[in-house]
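Chains as they are written, first to last, in the working numbering: chain A, 20 to 877; chain B, 1346 to 1794.
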């Protein structure tokens, strides 16, 4: 013992190396998924001390004595009960390394403490209002934002460039806030207004426009992985009511709903007073399962990748696995719910009506199937006679009708035999008729009888009609089937038509179904069938359109904690994780939630002024929208692997300001846009560039290289005068004639609109934190050849030509509409030359719409 | 600002903005690459291993009996073991056993590496398709082809670097060739090779209204206006890639339709690929690879044709349209001198059970269910040993037993052949470094030539 302590204290260099190369990897790979801060079985394998302390069964190691060490007994499978790891025994060299290490006294080199205990990381620190430096320069004295930015300009010795021209500034602001270019009248009014408050007037007008919510709401929908259909379906499954969430987001932003309420509603609107915000739960309910909801919720609101802790303690952030399951229990206790927007009676009546249709359909199918089976047995009993008659036709050239009449057979059935017999690619050889026709007849009769008996046994196995109607029961019931060769014969004689697995079967010789069985039925049966058909039709015709509803969550009747899935394996469950908040964001050990699922408590913990992440994360998203990059350039990851803030004081100031202003997002937009920084030109200054090529210090404006998909499309419609700005309501597909804003178009999950996709519209199956911007030849082909562009060009040309003015003036109008500025004389001349050569205003308009200037903002 | 400054700007976190221009440059690999391009023939739906390239004589003996040993979960009710309805024969000098339904591919088995010990994680089509294509069972990660064009760029500035061909759509559609968080320029360009006309295959490739002369006049004006705009702005490298793209687009209009016009191939060549969509797709893949496209993926058909739940004998009808084109593609890669540096991957998202599927969902009762526990993938060409079988499934062909090869291992190996250490080709997104193989994957050294 003394010896081992000595070793532990005075670790030799080669011991450390042995530990790092041969022991730590074995422990990390095989043990630490469970024996971490989560402490399965009470044991943590995180330090020598934790092993000495041991778990529920006592100390894990006896330094110097592998045989007496529980750890070694467990891994060598010599312990009576403990066998570790639970999945598979360690390889011999691994066991040997552990044994040598324990014998050497289990020395554990001191290294940095694991990340999971580190709460000192910047983003977990409380937000505090920073001191605002004194202004050194009148230009940068106007606001706290400017003073904070400029202090850094000065300390890092960069010189901000000039202010942008007025027409650039109003175009930038209008595009930022509304996703549309300013009208020439709006530009002129701003240019003609010399007052110091001119730009503030513009900003206030823009923020009051309903177009603001359509623009910024769409970015929120990116994060909410919003689409108008079911997530994870293999083909598009439209949700007719999904748009209610989209409209709620747009409306809430337009009304400047305080951000804390905005957050709470999207987590627990069903638990807030009143039902005003119920549609907000589309954030959760339009998503996937509880795991997906947890992931998207924590990334969007907290900027944390909690889902990384599903299988192991978060490798970088202080989020132990058990925290993941604490949250998972909350979401699992909150099933999806369709909240009806109709009286209870209507809902009940609708569901009952649907059930009646299903019942009627089943009754009809069952009746036809039974009659069809009887008929095929009846016909099968005449197989020998049909075969003989068919031979007369095939071998002696008799007509089918003649042969049928002579033998008193059905001509249609005989015709089917005559068509079938010569086919060469049969899947069986029974029709070689090796034993003669009569023997074949008895074989067929017997086959049909065996098949019927088998179906009766299968009927019992499935549990009768109830089982047959339940897809799950059918999936998991082992049924009998005929030997395959006999099946093929039966199929060719009697099966109904089917298409399956790339195989298209047209129907058996003796098969008559719903479409053509009538003529075989007795008058009573025929009457019955007609009545069933009429019943089904009248039920279908009288089904009203489904009542509207909202996609929401509700509280489970019996909320319960999730159990920790060891290494993420749901087959291997460990201890329960109490439903409660993340430890890293709690003061001390978080108290278990007691109110239902705990969702409301979770929502309040996230939307709290004390939460260090919530306000920082959202103000950073606004900054990203206005300045091109966030102050933290990984907007959905404020953890250790995310980026560090370029201006931590500014970020804290903005977060403090948001809370202080009663969580008003519009207030923050306004403050950012009225800063001097927002008004900078995008000039590339060489000296600044040499010091800060990424413009992290904001010495110039970041160029908008290419408008995003929706702004590009909507702007084309706007300048050509064809945009329909009606707001809200069910989505419409993006096809010819859809001229509303893109945010109101149908967003499919599996086959997104090709134009949106071409311009980097995000994959709606994922939460998306920012838009990527690509350019490429397929985009240019779109501008050159797509009919949408040609149509807008034609509309723009017609708009220009509707004025009875000179070509020069029309060109000027075009420039003011598209680029918010008058053309330079050389540009007018280029236009005139082109028009002289081609005489085509639409071709000219198409060039202007395709120009880099139209789709970028300097 | 000089050119070096411009490059520095692009390389320094203005990345998203600069990539449009840089994606087209050929880039450095980590080590010398064995293959320059990949053609992935995807038999979507799930090719059965025990009926094609992994013969199991034990199934003859055990036919109709329950599989001994512990019950391992499959997707639906599975019944007794079922022998293959097809005969296997030793083929080539290597004598590897190949099913009679792949006669022409069998004749070339000495060029093919048969990985018999593949396995994956989830027995449903969606997650397994995503795993095979993106290395992750949920949507949103970049696909193999996106990683390759991200790492390597493209060799032909007039064409996209990654093309996915399918008549119709496989299950999950565009998610399978999505670039995830990689810049969208790396997204697979999907083309519907079920269409016959080149104009219908590539959207917007032709102008219905304007003559080439009209268009050239337009582009000349556009170029002048763009330059005038940029001159006023001063140096703005982010905006210049747009102009380069315009020139490529103009050239593409003449080059691309020609590639997809397979009537340009001699009749004798076309005959070997047949008239089925998959054969036409293989021939288009050859023509795209010839012109420097980095990765071409050819899906066998709409939805999931190889999903033979109902009747495994349908595999013979499927193979009849796949076998000839596969063999023709290998032969033509060889005759055109491309076999050595083209990696051909042939396989499915998973395999099928050796047991019969006779759940009440099926009507024939002669099919096989999904099986992620063991399946077969074929590799051929650049840097891979031919005429070998790597790994093995258990006695019945159910579970990968020897030298198990997860999809991550396959991806690691493909990356290795293309010149990359799969642990080092990473992309930082949402604050962490992502890679195709996530935190998994080992290169299968034994199959490297």
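Positions of the beta carbon are idealized from the N, C-alpha and C atoms, including for glycine.
If you follow the alpha helix (DSSP H) that residue i is in, where does it begin and where does it stop?
i	result
residue 636 of chain A	633 to 646
residue 1392 of chain B	Unbroken run through residue 1392 of chain B: none, as it is neither H nor E.
residue 1446 of chain B	Segment: none, residue 1446 of chain B is in no alpha helix (DSSP H) and carries neither H nor E.
residue 840 of chain A	Segment: none, residue 840 of chain A is in no alpha helix (DSSP H) and carries neither H nor E.
residue 439 of chain A	430 to 439
residue 386 of chain A	363 to 399
residue 1765 of chain B	Unbroken run through residue 1765 of chain B: none, as it is neither H nor E.
residue 310 of chain A	309 to 316
Whose Cβ in chain A lies nearer than 9 Å to the Cβ of residue i?
i	result
residue 1650 of chain B	520 and 521
Within this structure, are the beta carbons of residue i and residue j separated by less than 8 Å?
i	j	result
residue 1439 of chain B	residue 1733 of chain B	yes
residue 1375 of chain B	residue 1779 of chain B	no
residue 1487 of chain B	residue 1475 of chain B	no
residue 182 of chain A	residue 155 of chain A	no
residue 819 of chain A	residue 835 of chain A	no
residue 1671 of chain B	residue 1386 of chain B	yes
residue 1703 of chain B	residue 1657 of chain B	no
residue 507 of chain A	residue 446 of chain A	yes
residue 1554 of chain B	residue 809 of chain A	yes
residue 70 of chain A	residue 90 of chain A	yes
residue 440 of chain A	residue 413 of chain A	yes
Run down chain B in chain order and give the residues with a C-beta less than 8 Å from the C-beta of residue i.
i	result
residue 866 of chain A	1563, 1566, 1567 and 1570
residue 872 of chain A	1570, 1571 and 1574
residue 846 of chain A	1570 and 1573
Locate the beta strand (DSSP E) running through residue i, then write down its first and last residues.
i	result
residue 762 of chain A	Segment: none, residue 762 of chain A is in no beta strand (DSSP E) and carries neither H nor E.
residue 1728 of chain B	Per DSSP, residue 1728 of chain B belongs to no beta strand (DSSP E) and is neither H nor E.
residue 1641 of chain B	1640 to 1644
residue 1778 of chain B	1777 to 1779
residue 1436 of chain B	1433 to 1436
residue 1773 of chain B	1772 to 1774
residue 570 of chain A	568 to 572
residue 593 of chain A	592 to 596
residue 1541 of chain B	Premise fails: residue 1541 of chain B is in no beta strand (DSSP E) and is neither H nor E.
residue 810 of chain A	Here residue 810 of chain A belongs to no beta strand (DSSP E); instead the alpha helix (DSSP H) covers 806 to 820.
residue 1424 of chain B	1423 to 1426
Residues of chain A with a CB under 7 Å from the CB of residue i: which are they?
i	result
residue 1560 of chain B	803
residue 1412 of chain B	By Cβ distance, chain A contributes nothing, its closest Cβ being about 13 Å from residue 1412 of chain B, past 7 Å.
residue 1528 of chain B	791 and 793
residue 1703 of chain B	497, 498 and 500
residue 1653 of chain B	520
Can you name the residues that DSSP bridges to residue i?
i	result
residue 330 of chain A	Beta-bridge pairing links residue 330 of chain A to no other residue.
residue 1508 of chain B	B:1534 and B:1641
residue 1382 of chain B	B:1687
residue 1720 of chain B	B:1463
residue 518 of chain A	A:523
residue 584 of chain A	A:592
Along chain B, which residues have their Cβ under 7 Å away from the Cβ of residue i?
i	result
residue 784 of chain A	1484, 1485 and 1520
residue 702 of chain A	1579
Going along chain A, which residues have a C-beta under 8 Å from residue i?
i	result
residue 1748 of chain B	Near residue 1748 of chain B there are no residues of chain A at all, since even the closest Cβ is about 16 Å away, more than 8 Å.
residue 1590 of chain B	794, 795, 796, 798 and 799
residue 1712 of chain B	520
residue 1597 of chain B	796 and 800
Inset, instruction - Only counting runs of 4 or more residues, tell me where the alpha helix (DSSP H) segments fall wholly within the segment 1465 to 1528 of chain B, in order along the chain. - result: Counting only runs of 4 or more, we get 1470 to 1479 and 1489 to 1497.
Inset, instruction - Pick out the complete alpha helix (DSSP H) segments inside the segment 740 to 796 of chain A, 4 residues or longer, and give them in chain order. - result: Listed in chain order, the complete alpha helix (DSSP H) runs (minimum 4 residues) inside the segment 740 to 796 of chain A are 773 to 777.
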